[in-house]
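These notes concern the structure reproduced below.
Chains as they are written, first to last, in the numbering used here: chain A, 6 to 124; chain B, 52 to 699.
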């Protein structure tokens, strides 16, 4: 069985490193992007099985990335896990598959991702 | 009066004797020897009767007759002929001679002829006089009619005008109630200084003065005689304006302001004068009321514990109250953003601009800078000032100084606000810390030493960040007294550089520390002062990171002793600050770092330096860099410690 790929979009390198370690340890391929533009650039060729998306990033923020993905029919079906420190912000990304509030533990993020991907 | 008569004959005897005869009849006799001479005398004397011989040298009688009639057809000319020549007689009568007398002259005939002439002359005179009288009479009558019509029209005009004024004031309703209360006496006067017409109010208050002398309505007329504004208007042809005293019909004296206006005929002569007198006692009362009201508003304007400025559409201050002037200097003529923020360009989200746009009040909380450089937290509320047409012409800005409220909040409610504003940062840090710990563990589990080591470094950095934040919050939550200890200044400065160095290295910023070795000792609250100075140094690193315009950055950290102070000079070549950022840099919750800053750091640093009796001097230029010069006395002022913190 081929490994599933997760795209992690977050401007904080500590969090990118964290998620990369967690997903890698649990048998996923991980690609990271530090902002919205880089993420969309990667998504020209890349078709990940799941995207984790930070809400607050400089320039192109989470909602912007989410909208850009929804607009592209070849990307619209990819589930998005929104990671945010503002738990009250869930409404701004309506099509998200799940919300994960900071701070979170490794087990928690793995459980959520596995639930969505049916692993 | 004797009739003058010209006798013309070439014979001297006839002139003499006939002349005597005519003089006896009562004529004023002039004589001439021929026609030419006769014309000269005629021109000089203008006689009504001429007696002339026909046969004369130079110019004969017939020719003279024609010339005389040409000069004045009313001249009665009697022709005297030596012989009864019928043709000549007819020719003379055709030329309008009065009579024809033959020589030798029969005195009775001549007498009768002259009598007829006399009758004719006197009839003609009477007729002329009568005609002239008639013309004069018609002129007089018609001018009287015109005068009466004009006076009638003027009276109607005055009355109509008064009706219009009272109608207008009635239409305006209660808002113009005072207009109804303002008596205005209107009268029209003619050139004989007589009242021709008045309005009803005039009649009611001053009596029916139509037909009276113009000056009778004025008090003290006995002293002034006919003199007064009406007469002056007729004399000068110009409208007059004066304070007078008028007499009511009940004898009471009434102070009035009199305006007169000449009404000229088409020939420019003043025929009538319109007089309008306003009861000044009423105006005086209203003026006093208005003055008192205005004074109350001005007192309120000045006494309000707010900065009040009124600005126009161009942003220029047109009025300011006393408190405004005290703290910001005279603002009139300057732009409000210049006065409030010392910046040349208008503020973003200016509430006054919004009020100009929609006429509604708007509010904004901001930080402004007084003329002596103090920062003030203010809550600005705006209100539209409209003109009669309802357009917003000016906006009043009331800025309530809430600095002290902010200071009060600092230990209580704003702690919650602050925790809210920094909670996102805290959550991010905790997540990162969680992640770093996870990576340390997973690295250890898998025997991946490199991963564990990298993660351990991240743990250290993150713990440092968490620690600084927690210290800030604790410091803020509890205003602590200084706990001074004696430290070696150079060692203290070196520890600052060491604390910041890892962050600088990580961010690729060169940190050049130049610490003099002979700094000696200083007595400071080392932990807190260190936190304050580290904060400034870390800000310098952040300012370098934020500046993407330059490829590499450098921070110069120089520490020296100047007299009794240790000077920490921190200069970066990062993004720099504009004036507003510079002025607000030390205020609570102001952060130029967006979500990455809490707005706490520099506020606390400033507070701590002030508690040590020191000062921070900040210079900065956008795009060039920022320089903080922090002076700390080597011994803190013990007594003033608390008050220094307050005044900061």
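Note that beta-carbon positions come from the ideal geometry of N, C-alpha and C, so glycine has one too.
Every value quoted in this text rests on a predicted model; they were computed, and no experiment measured them.
Across which residues does DSSP place residue i in a beta bridge pair?
i: residue 497 of chain B; result: In the DSSP output, where bridge partners are listed per residue, residue 497 of chain B has none listed.
i: residue 585 of chain B; result: In the DSSP output, where bridge partners are listed per residue, residue 585 of chain B has none listed.
i: residue 310 of chain B; result: B:292, B:327
i: residue 171 of chain B; result: Paired residues: none, contrary to the question.
i: residue 125 of chain A; result: With chain A running from 6 to 124 in the structure shown, residue 125 of chain A is simply not present.
i: residue 629 of chain B; result: Looking at the DSSP assignment, residue 629 of chain B forms no beta bridge with any residue, so it has no partner.
i: residue 127 of chain B; result: B:100
i: residue 245 of chain B; result: B:264
i: residue 537 of chain B; result: B:574
i: residue 371 of chain B; result: B:360
i: residue 78 of chain B; result: DSSP lists no partner for residue 78 of chain B.
i: residue 165 of chain B; result: For residue 165 of chain B, which the question treats as bridged, DSSP gives no partner whatsoever.
i: residue 488 of chain B; result: According to DSSP, which records beta bridges pairwise, residue 488 of chain B is partnered with nothing at all.
i: residue 34 of chain A; result: A:10
i: residue 90 of chain B; result: None, per the DSSP bridge assignment.
i: residue 152 of chain B; result: B:131
Compare the C-beta of residue i with all C-beta atoms of chain B and state if any pair is closer than 9 Å.
i: residue 35 of chain A; result: no
i: residue 110 of chain A; result: yes
i: residue 90 of chain A; result: yes
i: residue 44 of chain A; result: no
i: residue 19 of chain A; result: yes
i: residue 64 of chain A; result: no
i: residue 26 of chain A; result: yes
i: residue 30 of chain A; result: yes
i: residue 106 of chain A; result: yes
i: residue 124 of chain A; result: no
i: residue 77 of chain A; result: no
Would you report the Cα separation of residue i and residue j, rounded to the nearest angstrom?
i: residue 60 of chain A; j: residue 14 of chain A; result: 9 Å
i: residue 109 of chain A; j: residue 488 of chain B; result: 12 Å
i: residue 647 of chain B; j: residue 476 of chain B; result: In this prediction, residue 647 of chain B has a pLDDT of 46, which is less than 50 and means its spatial position is unreliable; what the coordinates show is noted afterwards. Spanning the two alpha carbons is a distance of roughly 7 Å.
i: residue 610 of chain B; j: residue 375 of chain B; result: 41 Å
i: residue 91 of chain B; j: residue 183 of chain B; result: 30 Å
i: residue 598 of chain B; j: residue 105 of chain A; result: 33 Å
i: residue 18 of chain A; j: residue 516 of chain B; result: 15 Å
i: residue 349 of chain B; j: residue 454 of chain B; result: 25 Å
i: residue 61 of chain B; j: residue 137 of chain B; result: 22 Å
i: residue 378 of chain B; j: residue 372 of chain B; result: 10 Å
i: residue 30 of chain A; j: residue 408 of chain B; result: 59 Å
i: residue 325 of chain B; j: residue 297 of chain B; result: 16 Å
i: residue 172 of chain B; j: residue 154 of chain B; result: 25 Å
i: residue 316 of chain B; j: residue 250 of chain B; result: 22 Å
i: residue 313 of chain B; j: residue 299 of chain B; result: 25 Å
i: residue 439 of chain B; j: residue 445 of chain B; result: 13 Å
i: residue 499 of chain B; j: residue 492 of chain B; result: 10 Å
i: residue 118 of chain A; j: residue 33 of chain A; result: 10 Å
i: residue 548 of chain B; j: residue 562 of chain B; result: 8 Å
i: residue 653 of chain B; j: residue 523 of chain B; result: 10 Å
i: residue 749 of chain B; j: residue 194 of chain B; result: The shown model of chain B, from 52 to 699, leaves out residue 749 of chain B, and the question about it has no answer.
i: residue 113 of chain B; j: residue 179 of chain B; result: 28 Å
i: residue 485 of chain B; j: residue 494 of chain B; result: 14 Å
i: residue 175 of chain B; j: residue 104 of chain B; result: 26 Å
i: residue 417 of chain B; j: residue 452 of chain B; result: 10 Å
Quick one: does residue i have its CB under 9 Å from some CB of chain A?
i: residue 490 of chain B; result: yes
i: residue 377 of chain B; result: no
i: residue 559 of chain B; result: no
i: residue 646 of chain B; result: Below a pLDDT of 50, predicted positions are generally treated as unreliable, and residue 646 of chain B, at 39, falls in that range; no measurement from the model is reported.
i: residue 427 of chain B; result: no
i: residue 515 of chain B; result: no
i: residue 484 of chain B; result: yes
i: residue 509 of chain B; result: yes
i: residue 546 of chain B; result: no
i: residue 520 of chain B; result: no
i: residue 505 of chain B; result: yes
i: residue 495 of chain B; result: no
i: residue 479 of chain B; result: yes
i: residue 487 of chain B; result: yes
Rounded to the nearest angstrom, how far is the Cβ of residue i from that of residue j, given a contact under 8 Å?
i: residue 55 of chain A; j: residue 83 of chain A; result: 7 Å
i: residue 535 of chain B; j: residue 575 of chain B; result: 6 Å
i: residue 83 of chain B; j: residue 89 of chain B; result: 4 Å
Measuring CB atoms only, is the stretch 63–76 of chain B touching the stretch 151–166 of chain B, in the sense that at least three cross pairs come out at less than 8 Å? With a cut-off of 8 Å, the stretch 151–166 of chain B and the stretch 63–76 of chain B count as touching, because enough Cβ pairs lie within range.
Would the stretch 294–309 of chain B and the stretch 322–337 of chain B be scored as touching if the rule is three or more Cβ pairs under 8 Å? Between the stretch 294–309 of chain B and the stretch 322–337 of chain B, the count of C-beta pairs closer than 8 Å reaches three or more; the two stretches touch.
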